[in-house]
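Chains A and B are the protein sequences, given in the same order.
Be aware that the first sequence starts at 1, since it is given in our numbering, and climbs by one per residue.
Be aware that the second sequence starts at 1, since it is given in our numbering, and climbs by one per residue.
A virtual CB, placed ideally from N, CA and C, is assigned to each residue, including glycine.
Only a predicted model underlies this, so the values are computations on that prediction, with no experimental measurement involved.
2 protein chains.
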Amino acid sequence: MVTGSSQRRYDYERDGAAIYRQSFATIRAEAELADLAPDLEHVVVRMIHACGMVDLPADVEASPGVVGIARTALRAGAPVLCDAQMVASGITRRRLPAANDIVCALGDPGVPELAARLGTTRSAAALELWADRLAGAVVAIGNAPTALFHLLELIGAGGPRPAAVLGLPVGFVGAAESKQALADNPFGLPFLVVHGRRGGSAMTVAAVNAIASEAL
Amino acid sequence: MVTGSSQRRYDYERDGAAIYRQSFATIRAEAELADLAPDLEHVVVRMIHACGMVDLPADVEASPGVVGIARTALRAGAPVLCDAQMVASGITRRRLPAANDIVCALGDPGVPELAARLGTTRSAAALELWADRLAGAVVAIGNAPTALFHLLELIGAGGPRPAAVLGLPVGFVGAAESKQALADNPFGLPFLVVHGRRGGSAMTVAAVNAIASEAL
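Given below as structure tokens:
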């Protein structure tokens, strides 16, 4: 079923490297990136690439140096803790600098019972199963606002502190509020957020992959 | 590390069912859904839920009856063919009505060589490996414009026809054009697209899961 050029009906760019170049040129021409530190700019360009929206920077907030902090943690072997299987699935293993573990506990058979016992969602309850991996980890939350709120509660209760939190839950109930809470966190926790309703697994994966690829 | 209610610092909805209800109520209050057929409306609400953007319907175009056609195909056991591992990863297996296969060939070891030989991207080349599964399948393209263009070329060259194509590639080079080409396809191919740059794996997964869940 291999089609030869004689059968091509459509005119489009087929060269992967050229597609990347043109994509990033368009993003840099259209997006307001001037206010971002260079290492954060690189990450935000990748996030825009993943969602197709050049107005994203207006909603981005990050603590100073968070990209370098997360990168250093990855180089030192920190695991990436994810709230959703799609996030874990999208992270490019070969870009990770230390064959870092990628952990998503949502599918663990104990999670539904734990969620019932804690009176919260499965996404939030699954974080309890990270307990022994959380110290120094890079946390990537790309789906559930409750997971991000619960993380802040665990840290507020004296739990282990991750190296950095990429907080990008999406949606209509708690997403904006949980990201604001992360940006306002009183723990000095390094963070990256996209304020408002937007977020999601693709944007989160793009952030992790961009941070990881420069750490190699 | 289980936290009791005495340690809760944040006020937020922890009940998963209530979160869904409030989310869908917000979407129905804010999004313009009146022009959509009821079965398509259900799918679009789920897509909005996955991306947090209530202005999505303005960019949605679908051929008449595509949701029912895709649903019928899934009930009959059609595979879901995906262009990206994140799409395959996000589809909820238990919602599929016939233990349908979910196929993503991008990681096949033969793909890089095939891409070089065909002079196209790996995402497009991977479609060649679907050849014997394409007839009657539900195709879900959530990442690569080149994959969607290549699919249309294969069908234009007399290749097997899928039952329906969910065309939601994202980005700045070819995404809008490939989705317009699908919407304009001269093959009578049932389709769902989000015009423009927006799209991506989360939105695509939401569409597949919404179609599948009503097919049970």
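Residue nearest to A175(A) within the set C51(B), G65(B), G171(B) is C51(B) (criterion: CA-CA distance). Three or more beta-carbon pairs drawn from the region 128-145 of chain B and the region 73-92 of chain B are found closer than 8 Å, and the two stretches are therefore classed as touching. Between F172(B) and S23(A), the CB-CB gap stays under 7 Å. Per DSSP, G68(A) is one residue of the alpha helix (DSSP H) stretching across 66-75.
Excluding sequence positions up to five before and after L96(B), its CB lies within less than 7 Å of the CB of L74, A212, all in the same chain and listed in chain order. Within the model, the alpha-carbon separation for V67(A) versus P190(B) is close to 44 Å.
Here L151(A) is near L127(A), since their CB atoms are less than 7 Å apart. Within the same chain, and ignoring the five residues on either side of H49(A) in sequence, the residues whose Cβ sits closer than 8 Å to its Cβ are S23, F24, I27, A206. Sequence-distant partners of T120(A) (beyond 5 residues in either direction) whose C-beta falls short of 7 Å from its own C-beta, in its chain, are T146, H150. Listed along the chain, the chain B residues whose CB falls inside 9 Å of the CB of V170(A) are H49, A50, C51, G52, A202.
Residue state for G156(B) is assigned as helix, using DSSP reduced to three classes. Bounds of the alpha helix (DSSP H) holding A175(A) are 175-183.
Under DSSP, A50(B) shares a beta bridge with no residue. Here G159(B) is buried: its Cβ has 16 or more other Cβ atoms, across all protein chains shown, within 10 Å. With fewer than 16 neighbouring CB atoms inside 10 Å of its own CB, A99(A) falls in the exposed class. Any Cβ of chain B closer than 7 Å to the Cβ of S213(A) would place that residue at the interface, and such an atom is absent. Bounds of the beta strand (DSSP E) holding E61(B) are 60-62.
In terms of Cα proximity to I19(B), the closest of I102(A), D35(A), S123(A) is S123(A). The contact set of V173(B) on chain A, defined by CB atoms closer than 7 Å, consists of E13, I19, Q22, S23 in chain order. Taking C-beta atoms as the reference points, A157(A) and E61(A) fail to come closer than 7 Å. Of all residues in the region 23-40 of chain B, the ones placed with a Cβ closer than 7 Å to any Cβ belonging to chain A are S23, T26, I27, in chain order.
Ranked by how close their Cα comes to the Cα of V111(B), the residues R161(B), A125(B), Y10(B) have A125(B) in first place.
With a threshold of 16 other beta carbon atoms within 10 Å, E153(A) meets it and is buried. Residue state for G16(B) is assigned as helix, using DSSP reduced to three classes. G119(A) reaches chain B at R14, counting residues in chain order whose Cβ is nearer than 7 Å. Distance check between G196(B) and each of A88(B), P57(B), C104(B), G77(B) places P57(B) closest, using alpha-carbon atoms only. Shown here, L36(A) sits in coil according to DSSP, grouped into three states, outside any helix or strand. According to DSSP, residue pairing for L166(A) in a beta bridge involves A140(A), L192(A). For the C-beta of P145(A), the chain B residues within less than 9 Å are, from N- to C-terminus, Y12, E13, I19. Per DSSP, I91(A) lies in no alpha helix (DSSP H) segment and is marked neither H nor E. Taking the C-beta atoms as reference points, V165(A) is found no nearer than 7 Å to D59(A). Taking the C-beta atoms as reference points, R71(B) is found nearer than 7 Å to A215(B). L118(A): member of the alpha helix (DSSP H) spanning 111-118, first to last residue. In the three-state scheme derived from DSSP, where H, G and I count as helix and E and B as strand, L134(A) is classed as coil. Following the DSSP letters along the chain, one finds L129(A) in no beta strand (DSSP E), marked with neither H nor E.
In the three-state reduction of the DSSP assignment, L81(B) falls in the strand class, which pools E and B.
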